[in-house]
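Chains as they are written, first to last, in the numbering used here: chain C, 6 to 371; chain G, 13 to 232; chain L, 591 to 1034; chain U, 18 to 158.
In what follows, a single structure is set out as structure tokens and then discussed.
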Amino acid sequence: MSNETISESFRKAGMSRRAFLKFCAAAASVLALSPAEAGEMTRRLAQARRPDVIYLSYQECTGCLESLTRSFSPGIGHLLFNDISLDFDDTLQAAAGEAAEAARMTAMKKAWGKYILVVDGSVSPKDGGVYCTAAGKSSVADLQYAASGAQAVVAVGTCASFGGLPFAAPNPTGAVPISEIVKDKPVINVSGCPPIAEVITGALLYYVSFGVPALDRHGRPVNFYGNTIHDRCYRRPFYDQGLFAHTFDDEGARRGWCLFELGCKGPVTHNACATTKWNGGTSYPIESGHGCLGCSEPNFWDRGGFYRPLSTPTGHWSGAQVLGGAAVAGAAVGVAVAGVARARQNKKDDHKPDHKPADKDHDRNG
Amino acid sequence: MGGGTLLDFARGPGMEWALAILVFGIVWRLVGIFTLKRPKDLAEPRAGASAIGAMWVIISRTWPHKEFRERVLHWEVVSYLFHGGYAVAILGYAPHILLIRALIGISWPGLPGGVIAFAAGISGVALIALLMHRLNSPVLRKISNFDDYFSWLVAFMPLPTGLMAYYHLGGNYEWMLGFHMLTGEILLAWLPFGKIMHTILFAFSRGTTGLAYSRKGAPL
Amino acid sequence: MTTSDTAVLPGDPHVGVPDKQGTASDAERLDRAMHSFLRDFGANNAVYLESCVHCGQCAEACQYYVQTGDPKYTPIWKIEPFKQAYKREMGPLSPIYRLLGLKKRVTAAELAEWQELIYDSCTMCGRCTLVCPMGIDIASLVGSVRHGMEAAGLVPHDLKVTMDRAKTEGSPLGATPKVLKERLAWMADEHQVEIPLDLDKADILVTISSIEIMKYPQSIAALAKVMRHVKASWTFRSDGYEATNFGMLGGDRVGQRQATMKLIEAAIKVGAKVVILPECGHAYQALRWQGANVYGKPLPFKVLNISEYLAEKIAEGKLHLKTDTRSVTFHDPCQVARRGGAIAAPREVLHALGVDLREMKDTGAFNWCCGGGGGVVTIKRADPLRYRVFQIKMRQVDDTGAELLVSTCSNCRQTFDDGQAHFHWDKAAHSLLELVADNLAERS
Amino acid sequence: MVGMVDGHNRVISIQPAHDPSGAPGGAVARALLSQIAEAVDVYIHHYIPEIIDIGALGLSAPERAILDQALGKGEISVEITVAGGSQIEETQFAGVWRVRHYGEGGALQTEWIEITDVPEIIKSDVADMAAGLKSLRESWA
């Protein structure tokens, strides 16, 4: 638990207010705040207490944390040492085993009711939670306990936000997103596989400054997830002109044309990749010549192949078999209906004596 | 996850069911028609009658004879604006071409989005005009039934939903895209069961008359 | 649907008062009609009934709609009960329609109501067939509906009387074999031309329309002169002369068969290689195109309309004609031209005559019907409507400015005569055959 | 282009071979200049400063060149040596400042145009002054 404000922590670290302002500028830029909002954020951050943060991991791959530690602006150094008080993260800390568990209990109790709980990974309630346990506790029980002492929960990554890879069909562990378990605390989803580092830090800073941000229908901060990749893609004009790369090594690919045909999911993927970019603003997947996988959206792995265009079937079926079967069934029904109808024609003929069999149909159009 | 679910449905089970129903229905209807009895025409054909000549009417009836143009050409043109715009939007738009390629393996170059939007707009306006005509013309009012209006709706819906998806109107793009695909799938699934089946039957119907008349040596 | 909401033509008190034959109950009539409909729901009718997109263009080709603007005359609407019955009882989707009750059963009242549309206001001219974007042959559908109407006893009395007379007397106009013999003798005498009758063997069997026997007997003489000119081996047969087929027009399959078989049997009896049909539109339809189907196998002889025979002889150099320099317009009988395919032949004959042929604006396959075909000319109550549509034809003829109107159908001819009298028109229809007979050159 | 992380780690990014929007070059730069002029006008009359985040715009190289050319260099250039360094320059137009912050690795972190009399970050902070005063006095003692 820290009682000093963020600006005090800067000064204590030997940095002037200019460093703080610079940090705020970077944060405001990432959050795409207006000048007025940026000023307000600077004022609030200057007075805000450094929040305590507990970082827990369940069914995940640590990619999210890997991403987070590559945050350039605001730098992870600032984040960890000046902006927040990271009281527990079993991956980053030195302690292990029972010592780590004890440290965590201590940290949680100290800041009970006030800490921000950051979670990556999904949890597994299936079969009593046996598929994901730590120190004899199931992920669900652990999360429920940790969440009960939190002021808010930030679900980092697509696993925590939407179930992620563990949730993929056939979902053997019965994985569920954090929001399925935590119902009585605000849950901010920061999706992505992984999320952009600056988006994670930016979301935390926004919460520290302003509280829970405006969320989209998937519980994600609108600041980062308000636009689709397609909306902000520098290749968008090619899409509008119908200029597409057909393969990864054709002329269109070299000329930087749209990757829709190669399965880009940009049009339905909400994320900040096209504006914030990755690795300190270096580039993003489309800029490197590969279509968007849609990793920040629910079920992105279950939507057919990554290289299947958005307008085509997800392809979980055998077209030839199903359509062939439909054709055979259609033919059978057609023959049956016509057969019944023809039988009625003949039957009526028989019991009408005034129409003799010799009385044929003359009109060939009959 | 509402939007995602709709789009996933439209790209997955929705598409599968629509195509299966399309094939099933078309075969059902065609087989049901052509397994009915068909007496052979025993009359001696006029000298010089040919099946190729008979088939020509399948193409030639695409445009009205000059004797009828004065009375039918204006609405025929509106109808072609609808059909032509529809064809450009379906066959010229790259995402549609990709769908066709995914289904039957053939593809061709697409047209710019603006051209597609223009064609779809023309098509939609023409379709609205045709509906107005159907509602206002005493002849059409008399002969129209549920199929005419329902098929109109089914044919119309993909146009505004497609345009709205293209221009990112109507809120959530993903939902709109899914909805657009769903309207297309409804069109495919309904095609065999209503008048839209004329997309296939027109050739058989023209061909039937073409054969009968070409045997007689009568021009069509 | 009732007809009361549509315009009733002035001077037409009969519209909406259907004629009924016999005393059968409505249920029995409906049953008979449905039985007949079912028989006619073959693949060809099915594909037509399935394909209609309700575009309404057929109305624009129909003389009744064009002249009245009444939507009930839309051709495809005239067969609505047939279409409805098909969709409910026979089509591939019929189980769905029945299961969900989407198509109602056709009622006896509806059939009666449709009598006027099926008989009074359709000559089965087939003009709608040429405009239909789906190529639906609506005229043939009307023919199928007439089968059902006849079976149900729902034919206009005037037409039914004519049909029955044809069946019992062998001629719709009382031209019995006895009358035929008298007329042939009269013409042979008056025109000093030999008219062979009932020869045992002949290359050509010549047939005739009762209308010609009773109203235009000079055409018999004209024919005999032409046959003499080309030195043909030919004969009339008193056991097979009547070319008209009112059974076919009215929808009576039995009557149609009886009339057709008489001609076929007579032709076979005399060993004819060719049967010549007279100037009669529907005769061509009945024997040339439906004859073999009635007979059940290909006919062992050729069937020609007289105009085709004349053209053939001209082409063979056997028919020599004097030149007639008058201006002429030609009226194509629907069943010979549009629905028969014999469009070139009469024009070849006119060309050989050297006349100044002035085609009407809509000609050949696109001609307008005289309004008297399909048995309509016999239906008295339909006269006001017939006069109304006849005005199209008058206008078309007048617009050519031709001195002479020529045709190859005695039924058209009597319709023109009637219209001429009604409107005090200055034009009369002439027979192509008679024009040829009048211009036979001396053989060199 | 953003992307030179350091000498041996060149970033390859695929840029459009031509501007597909078909817009004539300089359209974005001209729009920016007009926005800047508007902001200066507002400041003169109402003393309301404005910040335009250039980094978020994703300017193309030609657009950036046109903008640089138009703004030029003014009389003041300030170097701030804190947390990776920053550069603040007044353009040839008084009150129009270019502010660039660099991260620890020297990469450009934020870039904006600020319309004000003196950019906030140049001013000395009272709390910092108090801390400085304290150490100044201690250095005497």
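All C-beta atoms, glycine included, are put in the ideal place defined by N, C-alpha and C.
Asked: Within chain U, the residues that Lys27(C) reaches when beta carbons sit closer than 9 Å; Found: Ile97, Val99, Ala100, Gly101, Ser103, His118, Gln126, Thr127, Ile138
Asked: Opposing strand residues paired with Pro226(C) [DSSP bridges]; Found: Leu220(C)
Asked: Near-chain L residues of the stretch 54-69 of chain G - C-beta to any C-beta below 7 Å; Found: Leu54, Ala55, Glu56, Arg58, Val69
Asked: Segment contact flag, the stretch 281-288 of chain C with the stretch 254-266 of chain C, C-beta cutoff 8 Å, min 3 pairs; Found: no
Asked: Cβ of Arg16(C) within 8 Å of any chain U Cβ; Found: yes
Asked: Backbone CA spacing between Val95(U) and Gly197(C) [nearest angstrom]; Found: 39 Å
Asked: Exposure label - Lys140(U); buried when at least 16 CB within 10 Å; Found: exposed
Asked: Pick from Thr74(C), Ala43(C), Thr111(C), Gly179(C) that is closest to Gly134(C), judged by C-alpha positions; Found: Gly179(C)
Asked: heavy atom of the ligand FMN below 7 Å from Gly743(L) C-beta; Found: This structure simply doesn't include the ligand FMN, nor any ligand for that matter.
Asked: Proximal residues of chain C, C-beta to C-beta of Met680(L) below 7 Å; Found: Ala346
Asked: Neighbourhood of Pro231(G) by C-beta distance below 8 Å, restricted to the same chain and skipping five residues each side; Found: Tyr225
Asked: Residue span of the alpha helix (DSSP H) that contains Ile116(G), given as start and end; Found: 106-116
Asked: Which listed residue (Glu56(G), Leu54(G), Leu42(G)) has its alpha carbon closest to that of Ala633(L); Found: Leu42(G)
Asked: Cβ-based contacts, 9 Å cut-off: residues of the stretch 33-47 of chain G near chain C; Found: Ile33, Leu34, Val35, Phe36, Gly37, Ile38, Val39, Trp40, Arg41, Leu42, Val43, Gly44, Ile45, Phe46, Thr47
Asked: Own chain partners of Glu197(G) with C-beta closer than 7 Å, once the 5 adjacent residues on each side are dropped; Found: Ala22, Gly26, Met27, Ala30
Asked: Residue-chain proximity (Asp368(C), chain L), Cβ-Cβ < 8 Å; Found: Its pLDDT being 48, under 50, Asp368(C) is placed unreliably by the model, and nothing is read from it.
Asked: From Gln611(L), Phe672(L), Glu679(L), residue whose alpha carbon lies closest to that of Arg349(C); Found: Glu679(L)
Asked: Local conformation of Leu867(L) per DSSP, three classes; Found: strand
Asked: Test item: CB-CB of Gly126(G) and Asp236(C) under 8 Å; Found: no
Asked: Interface flag, Trp667(L) vs chain G, CB-CB below 8 Å; Found: yes
Asked: Where the alpha helix (DSSP H) containing Phe215(C) begins and where it ends; Found: 202-215
Asked: 7 Å CB neighbourhood of Lys361(C) in its chain, flanking five on each side removed; Found: Unreliable placement is indicated for Lys361(C), whose pLDDT of 41 sits below 50; the coordinate value is still reported in the next sentence. Answer for Lys361(C): no residue qualifies.
Asked: Residue environment, Ser997(L), which counts as buried when at least 16 other CB atoms sit within 10 Å; Found: buried
Asked: Inter-residue Cα distance where the pair is Asp779(L) and Gly931(L); Found: 36 Å
Asked: Span separating the alpha-carbon of Pro56(C) from that of Ile183(C); Found: 21 Å
Asked: Residue-chain proximity (Arg22(C), chain U), Cβ-Cβ < 8 Å; Found: yes
Asked: Proximity of Met804(L) and Leu763(L) at Cβ, strictly below 8 Å; Found: yes
Asked: Residue range of the beta strand (DSSP E) that includes Thr302(C); Found: For the sequence presented, residue 302(C) should be read as Glu rather than Thr. Per DSSP, Glu302(C) belongs to no beta strand (DSSP E) and is neither H nor E.
Asked: Option nearest Glu56(G) by Cα separation, candidates Tyr885(L), His1020(L), Thr990(L); Found: Tyr885(L)
Asked: Close beta carbons around Asp221(C), own chain, < 8 Å, minus the five adjacent residues each side; Found: Val227, Tyr230, Gly231, His275
Asked: DSSP beta-bridge partners of Ala1019(L); Found: Leu995(L)
Asked: Interfacial residues, the stretch 267-283 of chain C to chain U, with Cβ spacing under 7 Å; Found: Thr280
Asked: Among Thr697(L), Gly861(L), His644(L), Trp776(L), the one whose alpha carbon lies nearest that of Lys207(G); Found: His644(L)
Asked: For Glu131(U): DSSP bridge partner residues; Found: Ile68(U), Trp114(U)
Asked: Residues bridged to Leu795(L) [DSSP beta-bridge criterion]; Found: Thr825(L), Val865(L)
Asked: Cβ of Asp70(U) within 8 Å of any chain C Cβ; Found: yes
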